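Chains as they are written, first to last, in the working numbering: chain P, 1 to 601; chain H, 602 to 1202. Here a beta-carbon is modelled for each residue, glycine too, at the ideal position from N, C-alpha and C. Because the structure is a prediction, the values reported are computed rather than measured. Note sheet for the following structure.
Written as structure tokens, this is what we have:
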């Protein structure tokens, strides 16, 4: 290996606002890189502060000052190595936002250049423009020479404005078009979270740029989870032909050494399935296969980091024998270790024996802790108590429903009460909200009941994908078939009420609509912003397989949006959970005023 | 009155995304203005869509198209009158954000000019830059002549960048400086929410501009509440000397007619106390007097609009006999009518007789519905049930706390269970979360307990202000002294636990710190972003009155930030409630990652 071509991509897992922790991590990676005789180490965007930053810069101005002091310390370790370190730079001008999103180039213990980000994203989870001032594309500061190689630096969003690649561009200038023709190597410092179809887009964009400008294109990404946002790592290099010739691991920290000219840099795999879809178009499919490993790894890391970074150790969840709680239990066991998970079966009189058995078999297979706590006594007490209360109130208010969800919700809330009680009694224990995305869209979840918890692992995963994920986990996990087949085969239902037509427990699809249809509606809204009229013009997959009257279809669509509108106040209090899809209803990226009245036609 | 000088300021209350509703309201106000023979009617910024817009434009693109169709309809009513109507204009360029924040000037049934907003706010509750492209200050489009008078149009934030008035400027250009010297009258279309000290700042800014450029300065503001944000109206005119010579009502819709040259336009009063403080400096005071009427009116309108715009009619709340629930009950009664409020007293064994009596007297004085539901049975059942559960779990997990909040929380959660049960059973009924700002900062509230509800009226009001508000309401409401004095005089406490030292119910100040101190810490963070070190250098009001050891002070400050940090996951699920203070922790404007580790020193 030729020393001067050795570069370390420091794919690190940082903590928002924890300058001390992040600084130490940066120094540790610089030391490692020096041991490896690298000539250059590149860190992710804003690594001293970490993303997401929320309002930390605005509310705690001393944090930015601490970043400067930390940079001073870091400098001292940069002998015999150059480093690119991201930080929030204070804007001393009398106009403009208070900070720049900057990268310091450190050489011989000195900051020799400061590169300031030009394009500031302000969509989805991004809020750069809230605190950062955009800076013109300053060629002088962005280019440096090292060992005869010319490098050009871009910062994350700076890469996302090619006028040929994108149909529509958010910004007037393309920093890559200005910098790339003048250099041998592009270095892109990024903090780019994972999402459905984003790897595909990102890969094609970088590949295209490398080829177009005949440059080597290096990309360093943050890794790790923070609340809702999960960074997948996968830092890499493209050669001048646009081929991937180096790839760091996914979902793991790494001090990744590469040789600019070597053909044998390690190329770690993308999550299974993603490679197959690198060139596919965006279309709806019920075959979730190509996205399952990514989904699994994203959620496992999300849980792991949420717990460890916040000081939680143990998770408590209700095990109903249904799909949602089952999936959560597996993911929790894999993220936290089975000894740190407690599954609680809380049967009511509507709980079938099968559900109880399934829950207990699952717990046994996973090796997690398990207890059964019947809630009949709580339900009886409350039902009885409410009878008197309601009769009393009825004398004052004549607006009593003829049929209500009160009885159903008593069960869900009794269960949450037990879980939170346990969490209050045992150190560092957190209850888990098991609601899935399909049901949250429909408001099919109980406030202070199943919606409640400290973290919501599957709040951005639709039901049909959860079924696929269950099968995938049964196949891929070291312990095969941990999930009983009966859980995967039975139709979803909360077992909170009886369907008067069948005399059996009400199924979710009776209350809502077929999940295959429901999930396609969600997908069409999130990926194409389609209205009811748009969707009436398209044949859904479900329609291709089943005979659906147009009248029924429009009824389902209208029901969907009516329920969505009524669910907005529930969305406001969904606990945090990882973003998985191309778009989500997670608060980090979507807000619809509760007071809003949209004509969804 | 000379017809050509007659202008209507259309201070309207719109609904986010409800284009049909907003359009009809606009047409109705144009008709009214024509009846009044006005030559010009001016609407608030973006009135066809309404603020706040959240992600409506991104998620439902048909809404912007519907705004265009609505504008077409509105045009037809604009004969014999000119109108300025705000709407989201689609940006047809291939670069830039997808919309402009525009104002259409309609004359003789045609759109004769389109004014595009130049300065796009992206701080606090503002997210303009998420969807809007800023436009250069286009003099041509912004100026028009009518009846020999030259008008110049600016849009809300366009007014907020005077280089002399502000110490620091967010933007490079000042539209007012460019437009005002060329015109006789400035027309400012705004959607400017109320906040502590904002009226004072806004008034001085507009007054200064009117005087500096020797123009008449007209300001039209939205009115009404949407989720967390309350617009106070108070549209107005300043003359060339910078004096207010016309002022619409506060917190009410109005079709306000003024004559540009008249000295007898109605001048409605500011909320009581605000006028006194127009020129005062920002400093902490425990005399909340000058802000109480504004606070009261803001919350009452917030509740009223939240309920009516969302289709809710009835409010249910627990009445503990404590200050928070008391204040909420009064505000709800005034907003919704006493017959639509149900106060529920839910005593446990820790509830004093005094608390029970106070709650019932309060309900009687207010004329609201009242029932008492003891929760001893629920508490006994749960306590008993938990005993077995915990002993069982203890065999698996050795991490049981020696003392815990479990018992306290059973009470709070039992109460919430009752309130939500009632809400499930009676049409359009919503439970109310009664947590106050001081306690939310400290995480001194129970998840699925008192923190839970559909709306949180006082989530942005600190405790010392609530005491002042109670006294103020007792004095100012038509029915005097509705709040029993004993509620105001007793020290706050949740009556959930016994203080082992006193043998009596634990007081909040024992668990936290003196409220007078606590509220000053909050104020210093929110107004000056102060750190622990900053605050150690300042003498607090509480210190001036009491002997506080520096060691105790730093303990309190450290405790404050430790509790704040641990409360972040609770903040994530605080229900919506109105923004009152200069800064708040409401989600519309503040986000600190739950995973964040700040050195608050």
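| So which residues of chain P does residue 724 of chain H contact, with C-beta pairs closer than 8 angstroms? | 58 and 130
| field | Residues near residue 129 of chain P in its chain [Cβ-Cβ closer than 6 angstroms; skip 5 each side] | value | Close CB contacts of residue 129 of chain P within its chain, under the 6 angstroms cut and outside five residues either way in sequence, are with 120 and 122 (chain order).
| query | With which residues is residue 973 of chain H paired in a DSSP beta bridge? | reply | H:946
| said: Closer than 8 angstroms between beta carbons: that is the criterion. Which residues of the segment 960-985 of chain H meet it against chain P? | reply: 970, 972, 974, 978, 979, 982 and 983
| field | C-alpha gap between residue 22 of chain P and residue 68 of chain P, whole angstroms | value | 13 angstroms
| When DSSP labels each residue in this structure, what does residue 718 of chain H get in the three-state scheme? | Residue state, collapsed to three classes: coil.
| message | If I follow the unbroken beta strand (DSSP E) through residue 1153 of chain H, where does it start and stop? | response | First-last for residue 1153 of chain H: 1151-1172, but that is the alpha helix (DSSP H), not the beta strand (DSSP E).
| field | Partner residues on chain H for residue 576 of chain P, Cβ-Cβ distance less than 7 angstroms | value | 1173 and 1195
| Helix or strand or just coil, what does DSSP make of residue 139 of chain P? | helix
| Applying a beta-carbon distance threshold of less than 7 angstroms, which residues of chain H neighbour residue 44 of chain P? | Under the 7 angstroms cutoff, chain H gives no residues; its nearest Cβ is about 16 angstroms from residue 44 of chain P.
| field | Residue range of the unbroken beta strand (DSSP E) whose run includes residue 219 of chain P | value | 216-221
| Chain-ordered chain P contacts of residue 828 of chain H [CB-CB under 7 angstroms] | Against residue 828 of chain H, the close residues of chain P are 593, 594 and 595, in the order they occur along the chain (beta-carbon pairs closer than 7 angstroms).
| Classification of residue 383 of chain P by the beta-carbon crowding that lies within 10 angstroms, buried from 16 upward | exposed
| query | Would you call the segment 352-360 of chain P and the segment 989-996 of chain H touching, i.e. three or more CB-CB distances under 8 angstroms? | reply | No, the segment 352-360 of chain P does not touch the segment 989-996 of chain H.
| said: If distances are taken between C-alpha atoms only, which option among P:579, P:601, P:372 and P:597 comes closest to residue 125 of chain P? | reply: Checking every option, the nearest Cα to that of residue 125 of chain P belongs to P:579.
| said: Give me the chain P residues within the contact set of residue 1017 of chain H, using Cβ-Cβ distance strictly less than 7 angstroms, ordered along the chain. | reply: 448
| said: Counting beta carbon pairs with one atom in the segment 158-166 of chain P and one in the segment 174-182 of chain P, are three or more of them shorter than 8 angstroms? | reply: yes
| query | In the DSSP assignment, what residue or residues form a beta bridge with residue 294 of chain P? | reply | Partner(s): none; residue 294 of chain P has no beta bridge.
| field | Straight-line Cα distance separating residue 655 of chain H from residue 465 of chain P | value | 28 angstroms
| Boundaries of the beta strand (DSSP E) in which residue 88 of chain P is found, first to last residue | 82-90
| message | Below 8 angstroms on C-beta distance, what does residue 175 of chain P contact in chain H? | response | Chain H residues near residue 175 of chain P: none, gap ~14 angstroms exceeds 8 angstroms.
| said: With a threshold of 9 angstroms between beta-carbons, can residue 1185 of chain H be considered close to chain P, or not? | reply: no
| said: Considering just the uninterrupted stretch of the beta strand (DSSP E) at residue 882 of chain H, what are its terminal residues? | reply: That residue, residue 882 of chain H, is in no beta strand (DSSP E); it is neither H nor E in DSSP.
| message | Using beta carbons (cut-off 9 angstroms, strictly below), is residue 653 of chain H in contact with chain P? | response | yes
| query | Span of the beta strand (DSSP E) holding residue 706 of chain H? | reply | 700-708
| said: Applying the 10 Å Cβ sphere with the 16-neighbour rule, what's the burial state of residue 877 of chain H? | reply: exposed
| request: Out of H:1014, H:703 and H:1009, state which residue places its alpha-carbon closest to the alpha-carbon of residue 410 of chain P. | output: H:1014
| Contacting positions in the segment 59-81 of chain P - beta carbon closer than 8 angstroms to chain H | 59, 60, 61, 62, 63 and 66
| Would you report the Cα separation of residue 662 of chain H and residue 519 of chain P, rounded to the nearest angstrom? | 20 angstroms
| Same chain only: Cβ atoms within 8 angstroms of residue 976 of chain H, ignoring 5 sequence neighbours per side | 947, 948, 949, 1012, 1015, 1016 and 1019
| field | residue 1209 of chain H and residue 1063 of chain H closer than 9 angstroms at C-beta | value | Lying outside 602 to 1202, the shown extent of chain H, residue 1209 of chain H is not represented and no answer is given.
| query | How long is the line joining the alpha carbons of residue 79 of chain P and residue 807 of chain H, rounded to whole angstroms? | reply | 56 angstroms
| field | Nearest-angstrom Cα separation, counted from residue 1137 of chain H out to residue 1154 of chain H | value | 8 angstroms
| request: Check the Cβ of residue 1006 of chain H against every Cβ in chain P and list those closer than 7 angstroms, keeping chain order. | output: 424
| task | Could you tell me which of P:243, P:444 and P:56 sits nearest to residue 131 of chain P, measuring between CA atoms? | result | P:56
| task | Identify every residue that forms a DSSP beta bridge with residue 226 of chain P. | result | P:229
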